[in-house]
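Participant:
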Amino acid sequence: MQTIRGFRDILPETIRLWQKVEKEATQLFEAFGFSEIRIPILEKTELFARSIGEATDIVEKEMYTFEDRKGDKLTLRPEATASIVRSYVQHKMYASDPVRKFFMTGPMFRRERPQKGRYRQFYQIDAEVFGIDSPYIDSQLIFILHELFMRLGLTGLFAHINSLGCPGCRPAYQKALLEFLESKKETLCENCLRRMDKNPLRILDCKVIECKGALVDAPSTLDHLCPACTDHFETVKRTLENQGVDFIVDKTLVRGLDYYTRTAWEIQTTTLGAQSAVAGGGRYDKLVAELGGPPTPAIGFAIGFDRLVEVLEQIEAPLEKPLDLFIVSLGETAVEKAYLWSCELNRNNVRTELDFRGKSMKALMKRADKLKARYVLISGENELAQNTVLLRNMATTEQVSLKLDHLVLDLIRIIKK
Ligand code: AMP
């Protein structure tokens, strides 16, 4: 039996990097006033169709959707924002305090063509802020990403930012875009032609080379922003500059989801080839109201956890947690005692290993070496007869004889020193 295409196991060899990222991210989010939220993996299909948008790649062809036994249409979540908005509205969180900041980590599901850095089950670290329309929050979210990546030791990352305008300035822009697209109709792919009526902005996101070429001179949202959106974007840029966050204004950045308004961004890297975005985010000031809540500005981002780990793997070796103690126990009595010591040590956060297979001293020492044990405890018939054991420091090869009375306490004292 094998995993399904696009799905994979994350094995213990790499898991420490995942844990490191999660620990750094949690610390950072908590310092910035975010609280963790956990949401279901399965939601009604309608939630994603309405929020992400009917004419998007995700909703049109990438969702894992099925009917349950009662005929309800359900979908494995392709992203977290819609569910977090649903939760915010469902629990009327806005009633006691509209300002809320959440983060979460978990698997997402999209039926994309698998390749390096792209999976059908992938993980995101997600952050969302509700109730604040100030541009400083836009800058702050980009700043948090910048800070996290710096703490993880990443370089060569660029923040690409754009403003997608608001429902006030979008119609004028769409009109200009449609006029432009009409002139390129001959070159555009079928998908783009179909989207011209439904959602012309999506066309800017098309990955087909011919379309990309035809769209080089497409009008930019930035030339059509209303004064309020312009001010907003200017403040975001100024604040990022003041905080020393490098960014590139990228007028081609539209992001693949419909709900974005105003600031949108991606953090891109050159280390992963084509799959270059390690994080993406944006404002979605209309979505809370569209999903039945009161008008509430909101903004968030998602980090591609798999890709982030793949970048980290290129700059650091997988972290190993060394074994504190390997117990070489020879003979049945010694094994029984070793088992009891071992459990006591584990209860006190000392990492131990022992071997129950009755192997020879030589084989056990070899195993201790392989496991990179810091100390080896040798307990054989001779030692036990004298009520002692031998403790060897593997780095210095120094050996001390320890009495069995207070053995566990002595070991804890020496090993944790
Ligand atoms: P999105 O939700 O599409 O804005 O994606 C946010 C981030 O999630 C992207 O920048 C990627 O790093 C990551 N991501 C999206 N789709 C996938 C996928 N199929 N496999 C791995 N990572 C992904």
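If you count the sequence shown from 1, you need to add 4 to reach my numbering.
Here a beta-carbon is modelled for each residue, glycine too, at the ideal position from N, C-alpha and C.
#1: Using the rule of at least 16 other Cβ atoms within 10 Å of the residue's Cβ for burial, across every protein chain shown, is V63 buried or exposed?
#2: Check whether the Cβ atoms of E314 and K48 lie closer than 9 Å to each other.
#3: Apart from the five residues just before and just after K188, which ones in its own chain have a Cβ nearer than 7 Å to its Cβ?
#4: Please classify G160: is it buried, with 16 or more other beta-carbons within 10 angstroms of its beta-carbon, or exposed?
#5: At what residues does the beta strand (DSSP E) containing N397 begin and finish?
#6: Alpha carbons only, please: which of D250, M112 and L413 is nearest the one belonging to R351?
#7: Do you know how far the Cα of R361 is from the Cα of L149?
#8: Could you check if A283 belongs to the surroundings of ligand 1, using beta carbon to heavy atom distance under 8 Å?
#9: Relative to the alpha-carbon of L156, which residue among M369, L208, K366 and Q23 has its alpha-carbon at the smallest distance?
#10: Please work out which residues of its chain come closer than 6 Å, Cβ to Cβ, to L181, disregarding the five sequence neighbours upstream and downstream, and give them in chain order.
#11: As a quick exercise: from Q318, S383, K366 and E324, pick the residue whose alpha carbon is nearest that of L344.
#12: Run through the segment 235–281 for me and flag every whole alpha helix (DSSP H) of 4 or more residues, listed as ranges in chain order.
#13: Quick one: grab the DSSP three-state call for G286.
#14: Quick one: Cα of E151 to Cα of A29, how far?
#15: Measure from the C-beta of R9 to each C-beta in chain B and report whether the shortest distance is under 9 Å.
#16: Cutting at 7 Å between CB atoms, please list the residues of its own chain near D142, excluding the five before and the five after it.
#17: Identify the continuous alpha helix (DSSP H) that holds H150 and give its terminal residues.
#18: Please determine whether the Cβ atom of L261 lies at a distance below 8 Å from any heavy atom of ligand 1.
#19: Could you pull out every unbroken beta strand (DSSP E) segment of at least 3 residues lying fully inside the segment 43–97, listed in chain order?
#20: Using only the alpha-carbon positions, how far apart do L381 and K325 sit?
#21: For V315, report the span of its alpha helix (DSSP H) as first-last.
Facilitator: Taking the coordinates as given:
#1: buried
#2: no
#3: Around K188: A218.
#4: exposed
#5: Per DSSP, N397 is one residue of the beta strand (DSSP E) stretching across T392 to N397.
#6: Its Cα nearest to that of R351, the residue L413 stands out among D250, M112 and L413.
#7: 49 Å
#8: yes
#9: Q23
#10: P204 and P223
#11: If we check each option's Cα against that of L344, S383 comes out closest.
#12: none
#13: The answer is strand: DSSP assigns G286 an E or B state.
#14: 10 Å
#15: In the displayed structure, chain B is absent; only one protein chain is listed.
#16: V240, T267, R287 and I303
#17: P139 to R155
#18: yes
#19: 46–48, 69–71 and 77–80
#20: 19 Å
#21: F309 to I319
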